[in-house]
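Sequence order for the protein chains is A and B.
Sequential numbering from 566 applies to the first sequence in this note's numbering.
Sequential numbering from 566 applies to the second sequence in this note's numbering.
Using N, Cα and C, we set each Cβ at its ideal position, and we do this for glycine too.
A quick note: this is a predicted structure, and the numbers were derived from the prediction, not measured.
Protein chains: 2
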Amino acid sequence: MRVRKKSESAVVGPEAQGTGRGARKQMTRERLLDAALTLMNDGHSFPSISLREVTREAGVVPTAFYRHFRDMDELGLALVEECGLTLRRLLREVRKAGVPTTDIIRHSVAIYLQYVRANPRHFRTAASERHGGSPTMRQAIRNEVGHFIREMAQDMRLIGYRSDLPTDALEMICSLVINTMLNAASDILDLPADQPQLARELEENFISQIRLVFLGAEQWRAETAASHKR
Amino acid sequence: MRVRKKSESAVVGPEAQGTGRGARKQMTRERLLDAALTLMNDGHSFPSISLREVTREAGVVPTAFYRHFRDMDELGLALVEECGLTLRRLLREVRKAGVPTTDIIRHSVAIYLQYVRANPRHFRTAASERHGGSPTMRQAIRNEVGHFIREMAQDMRLIGYRSDLPTDALEMICSLVINTMLNAASDILDLPADQPQLARELEENFISQIRLVFLGAEQWRAETAASHKR
DNA sequence: GCATTTTGTCAACATATGTTCACTGAAATG
DNA sequence: CATTTCAGTGAACATATGTTGACAAAATGC
Numbered sequence: 566m567r568v569r570k571k572s573e574s575a576v577v578g579p580e581a582q583g584t585g586r587g588a589r590k591q592m593t594r595e596r597l598l599d600a601a602l603t604l605m606n607d608g609h610s611f612p613s614i615s616l617r618e619v620t621r622e623a624g625v626v627p628t629a630f631y632r633h634f635r636d637m638d639e640l641g642l643a644l645v646e647e648c649g650l651t652l653r654r655l656l657r658e659v660r661k662a663g664v665p666t667t668d669i670i671r672h673s674v675a676i677y678l679q680y681v682r683a684n685p686r687h688f689r690t691a692a693s694e695r696h697g698g699s700p701t702m703r704q705a706i707r708n709e710v711g712h713f714i715r716e717m718a719q720d721m722r723l724i725g726y727r728s729d730l731p732t733d734a735l736e737m738i739c740s741l742v743i744n745t746m747l748n749a750a751s752d753i754l755d756l757p758a759d760q761p762q763l764a765r766e767l768e769e770n771f772i773s774q775i776r777l778v779f780l781g782a783e784q785w786r787a788e789t790a791a792s793h794k795r
Numbered sequence: 566m567r568v569r570k571k572s573e574s575a576v577v578g579p580e581a582q583g584t585g586r587g588a589r590k591q592m593t594r595e596r597l598l599d600a601a602l603t604l605m606n607d608g609h610s611f612p613s614i615s616l617r618e619v620t621r622e623a624g625v626v627p628t629a630f631y632r633h634f635r636d637m638d639e640l641g642l643a644l645v646e647e648c649g650l651t652l653r654r655l656l657r658e659v660r661k662a663g664v665p666t667t668d669i670i671r672h673s674v675a676i677y678l679q680y681v682r683a684n685p686r687h688f689r690t691a692a693s694e695r696h697g698g699s700p701t702m703r704q705a706i707r708n709e710v711g712h713f714i715r716e717m718a719q720d721m722r723l724i725g726y727r728s729d730l731p732t733d734a735l736e737m738i739c740s741l742v743i744n745t746m747l748n749a750a751s752d753i754l755d756l757p758a759d760q761p762q763l764a765r766e767l768e769e770n771f772i773s774q775i776r777l778v779f780l781g782a783e784q785w786r787a788e789t790a791a792s793h794k795r
């Protein structure tokens, strides 16, 4: 007969307000996701972190993991979804900012970078597992980014930007922009924190790249591509 | 007293021509590198593959690893160097192709894609560990890509492309191009092999993106950036 | 208020990992 | 030819991992 002294459910988050059972479950679920995100943030890539590491970081016993996910792959997918949500929120934010007539690019970039710095783990995860990671996760991210691209293209259509172009072309442009964005996010998050000068340079470079892309986009003619195709 | 029957050095590659001792050593070293590259090619990202897996794939006992590398990190760096060499070779190839006056972009892209398909493991590794991977490896790749960018910018200067622009601007443009290239490589290598139609589409999209970048590059004015900076 | 779910814990397992050490046998050295 | 060097072997270690099963106790359902 064992005596348990330290068995008052052990897992009580600092902000544990949810009193229901399902609420508490979701709480530790988020704990696990958060733990994985945190682990990924300092160097480790997702496929290299172990189930036990995650539970350790989350302050939970390894077996508790299975109450929430079948395996690490499933957690990975949930993670991707979370990152996707962050990206959508970002898009909504930029959209809300309206269409400042002057220097729209610099403005949007500023919002974007602010967002990146506010959610470093999400962006690092997205950038890092997009081409690396497990095939499952990679595919999931590809989908998520695809949705994002389409959404952005639709936005541009709505504000009437290059409304003469077919959807394909708009999406092509947007994907170029988003690639550049994710790339910049990764670069910026990797900077040593004590080098603000480097950050400024990188930021200016980033802005230039986006500006250049839109410079090209303004010149883009559907016939250009078509004429070269045949 | 143990009897050894199967101990004729066990490790003899198919194309084992090198007869010297150092030669044979370098041979198994390459075996290890090759094994790692192969493992990475089917899904696993570098930090997730184990020392033992590598030696297993290389057909060598685990302890033999230490005769060549201190640890996996060191092997990772060697791997990056190898990928860098491949990239340089590619650049030389494109350079050798000269400056076809018409449709230079389509031409270069063709050479590039051919190269990517010929060395899928190198490109997958580069693309995948660039943002993911261990910090050490990531930094190494960043350096390698940086060299590549500078080299390419210098090339463009030599052929007189936009010779009016400062070096910064040229490098900014090149880094945009290279990002797009690495991105496309990753996308293309992830395609299911039985979907040539998808490959064509992706390829056309890739060409369009590069074309758009150069369209922007032709319009780029140093003053544009400058005027917005102040 | 009792029975039932259900979230999390504990103990234990088979297996995989990185690393050590002493060894072998062929190439290099003299 | 005798000696030394050293790339590769084999056995063994401590440790870490994923996963199972039985159990505790709090929330839920009746």
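- The C-beta distance from B/Thr732 to B/Ile775 rounds to 21 Å, too long to meet the 8 Å contact threshold.
- For B/Ile670 and B/Glu694, the gap between their C-alpha atoms comes out near 27 Å.
- Per the coordinates, the alpha-carbon of A/Asn770 lies some 27 Å from the alpha-carbon of B/Val681.
- In the structure shown, A/His633 falls within a coil segment according to DSSP collapsed to helix, strand and coil.
- Residue ranges of uninterrupted alpha helix (DSSP H) with 4 or more members, entirely inside the stretch 679–754 of chain B and ordered along the chain, are 685–696, 700–723, 732–754.
- In the structure shown, B/Ala662 falls within a coil segment according to DSSP collapsed to helix, strand and coil.
- Interface flag for B/Thr603 against chain A is unset, since no Cβ pair is found closer than 8 Å.
- Contact check for A/Arg686 against A/Met592 fails: the beta carbons are separated by 8 Å or more.
- Per DSSP, the unbroken alpha helix (DSSP H) holding A/Gly587 starts and ends at 586–606.
- Note that the C-beta distance between B/Ser610 and B/Gly698 is below 8 Å.
- Assignment of A/Gln760 by DSSP, reduced to helix, strand and coil, places it in the coil class.
- With a threshold of 16 other beta carbon atoms within 10 Å, B/Leu735 meets it and is buried.
- In this chain, A/Thr628 is not harboured by any alpha helix (DSSP H), its DSSP state being neither H nor E.
- Neighbourhood of A/Thr745 in chain B, by CB distance below 9 Å: Leu741, Asn744, Thr745, in chain order.
- Annotated three-state conformation of B/His609 is coil, per DSSP.
- Assigned with DSSP and collapsed to three states, B/Gly624 falls in coil, not helix or strand.
- Counting only residues of its own chain and dropping the five nearest sequence neighbours on each side, B/Asp752 has a CB closer than 7 Å to the CB of Leu767.
- The three-state secondary structure of B/Arg786, taken from DSSP, is coil.
- Neighbourhood of A/Ser728 in chain B, by CB distance below 7 Å: empty, with the nearest CB roughly 18 Å away.
- Going by C-alpha positions, B/Ala749 is about 32 Å away from A/Ala600.
- No Cβ-Cβ contact shorter than 8 Å links A/Ser773 with B/Met637.
- Any Cβ of chain A closer than 8 Å to the Cβ of B/Pro685 would place that residue at the interface, and such an atom is absent.
- Interface annotation for the stretch 754–780 of chain B against chain A: Asp755, Glu769, Asn770, Ile772, Ser773, Gln774, Arg776, Leu777, Val778, Phe779, Leu780, criterion Cβ-Cβ distance under 9 Å.
- The shortest C-alpha to C-alpha distance from B/Phe713 to any of B/Arg654, B/Arg594, B/Arg635, B/Phe634 is the one to B/Arg654.
- Cβ proximity to chain B below 7 Å picks out nothing from the stretch 622–641 of chain A.
- Here DSSP, grouped into helix, strand and coil, assigns A/Ile775 to helix.
- Residue environment analysis places B/Ser613 among the buried positions, since at least 16 neighbouring C-beta atoms fall within 10 angstroms of its C-beta.
- DSSP places B/Asp638 within a helical segment (H, G or I) once states are collapsed to three.
- B/Pro700 reaches chain A at Gly608, counting residues in chain order whose Cβ is nearer than 7 Å.
- In this structure, the CA atom of B/Glu646 is about 35 Å from the CA atom of A/Glu622.
- Taking C-beta atoms under 8 Å as the contact rule, B/Arg657 and B/Asp720 fail to qualify, at a distance of about 10 Å.
- For a Cβ distance threshold of 9 Å, nothing in chain B lies close to A/Asn708: the least Cβ distance comes to about 12 Å.
- For A/Val778 and B/Tyr677, the gap between their C-alpha atoms comes out near 21 Å.
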